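In the order they appear, the protein sequences are chains Z and H. For the first sequence, the positions run -19 to 99 when the working numbering is used. For the second sequence, the positions run 5 to 160 when the working numbering is used. Backbone N, C-alpha and C define an ideal beta-carbon position, used for all residues, glycine too. Remember, predicted model here, so these are calculated numbers, not experimental data.
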Amino acid sequence: MATILLVDDLAFIKMIEKEVLEKNGHVVVGDARDGIEAIEKYKMLRPDVIIMDITMPKMDGLNSLKAIRSIDPNARVIICSALGQQQLIIDAIKLGAKDFIVKPFKNPRLLAAIDKALK
Amino acid sequence: MRAEYVNPFIIGALEVFDEVAQIELKKSEVTLKESTAPENQIAILIDVTGFLVGQVVYSFKEHTAQRIVQSMMPNSPPEKQAEYLLDALSSMANMITGHATILLAGKEHVIRISPPVVRIGIKNPAEFLQRKTISVIFTSRFGTMEVNISLRENKD
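Right, here's the structure in full:
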């Protein structure tokens, strides 16, 4: 069981993620709509895992990942984005993302990424 | 605007609609236009930057949009489907475009996209690219989706 922060500008995606996660015993403790809100919510909630989109207003997910990891090098961030381009995946992993899930995702993929991040 | 930029969007649309909404799309018509301005009432605009620059505009008639979202959220009550309608369509546009960028970017390049912008009803022409555009019409059992694609390689 993990506490999870969902970060995506699209409420529909967060709704789907939340349903899958809560059905499988995880607790969604908060959500954010952009990278800046994600940083603030992370500092406030200190979730076990963050699921982070890339394309968002104000600050994108890769910059938010970088900022969160500079606050807490142990932060576990999983990128969940439609932009599954090879270079972006490499950039995300170099910035410390635990995994990169490409949307649309299959539920087992999301759950496996959480398990992997928690190890 | 190159014709080869269009195929990834066709592949993306077919796969995403099938996977997310269990809707079979068929490519019905491809035409050349002078701008990305849409024909339908509900439009989702995505700007593209990076290796390629331009804009992609997805549009739907209202009743088609409603039926697509019903298929995306089959177990949700009508009020919830209505609440999430624009967001759900934006998600589809985001995923189709993202899917296309994977094929277009290849191993070496990066393509970024903007968060989706929704426009309903009368549109401001200034928001749309006045450039050669390939327009693809997809049909389904719920109606049609128009995808207007205008992209060029970024020479900067």
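C-alpha distance - residue i paired with residue j, whole-angstrom precision
| i | j | result |
| --- | --- | --- |
| T40 (chain H) | Y62 (chain H) | 9 angstroms |
| K46 (chain Z) | T143 (chain H) | 42 angstroms |
| S61 (chain Z) | N11 (chain H) | 21 angstroms |
| E28 (chain H) | P27 (chain Z) | 39 angstroms |
| Y22 (chain Z) | L(-15) (chain Z) | 8 angstroms |
| A25 (chain H) | D160 (chain H) | 39 angstroms |
| P88 (chain Z) | L1 (chain Z) | 10 angstroms |
| E33 (chain H) | D95 (chain Z) | 45 angstroms |
| L133 (chain H) | A77 (chain Z) | 35 angstroms |
| D22 (chain H) | M149 (chain H) | 14 angstroms |
| A130 (chain H) | Q74 (chain H) | 32 angstroms |
| L91 (chain Z) | S44 (chain Z) | 22 angstroms |
| F55 (chain H) | R116 (chain H) | 8 angstroms |
Residues sharing a beta bridge with residue i, DSSP
| i | result |
| --- | --- |
| V8 (chain Z) | Z:I(-16) |
| D51 (chain H) | H:Q59 |
| N152 (chain H) | H:V61, H:S139 |
| S144 (chain H) | H:G147 |
| V34 (chain H) | H:V140 |
| V20 (chain H) | Bridge partners of V20 (chain H): none, in fact. |
| E157 (chain H) | H:L56 |
Nearest to residue i (by Cα), restricted to the options the options
| i | options | result |
| --- | --- | --- |
| R6 (chain H) | H:E43, H:P42, H:V57, H:S80 | H:V57 |
| F80 (chain Z) | Z:I30, Z:I58, Z:K74, Z:Q66 | Z:I58 |
| K136 (chain H) | H:I50, H:S94, H:V60 | H:V60 |
| I72 (chain H) | H:S154, H:I46, H:G102 | H:I46 |
| D91 (chain H) | H:A69, H:P78, H:I115, H:N79 | H:A69 |
| P188 (chain H) | H:V52, H:K127, H:A17 | The structure shown has nothing for residue 188 (chain H), since chain H only spans 5 to 160. |
| M(-19) (chain Z) | Z:L90, Z:E(-3), Z:E17, Z:V7 | Z:V7 |
| Q65 (chain Z) | H:E83, H:M76, H:M99, H:L89 | H:M99 |
Buried or exposed (CB count within 10 angstroms, at least 16 for buried), residue i
| i | result |
| --- | --- |
| G125 (chain H) | exposed |
| R13 (chain Z) | buried |
| H67 (chain H) | exposed |
| R145 (chain H) | exposed |
| K74 (chain Z) | exposed |
| M36 (chain Z) | buried |
| P42 (chain H) | buried |
| G110 (chain H) | exposed |
Residue ranges of each alpha helix (DSSP H) run of no fewer than 4 residues wholly in the stretch 8 to 90 of chain Z, ordered along the chain? Complete alpha helix (DSSP H) runs here, min 4: 15 to 25, 41 to 51, 66 to 74.
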